[in-house]
Amino acid sequence: MHSTSIRACIAFVIVFISTRLFRMFAIAFTYAVNLMNSRFGALPQIHL
């Protein structure tokens, strides 16, 4: 009973950290994509 609660806490911490890291990675990825789109996609619009 006690070991299962410890395992549940460890699993919860692992899932919490992995979701937090995945969310940070997704935010950074979308930021990089938006930066590249604004840098390469907006230049032809400005020239036009």
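When you read off a place in the sequence shown, starting at 1, and then add 22, the result is the number in the numbering used here.
For each residue, glycine too, the CB sits at the ideal point set by N, CA and C.
C-alpha gap between residue i and residue j, whole angstroms
| i | j | result |
| --- | --- | --- |
| SER60 | ALA54 | 10 angstroms |
| LEU70 | VAL37 | Here the model assigns LEU70 a pLDDT of 49, short of 50, so the residue's position is not dependable and the matter cannot be decided. |
| ARG42 | ALA30 | 18 angstroms |
| VAL35 | PHE47 | 18 angstroms |
| THR52 | ILE32 | 30 angstroms |
| ILE28 | PHE44 | 24 angstroms |
| ALA50 | ASN56 | 10 angstroms |
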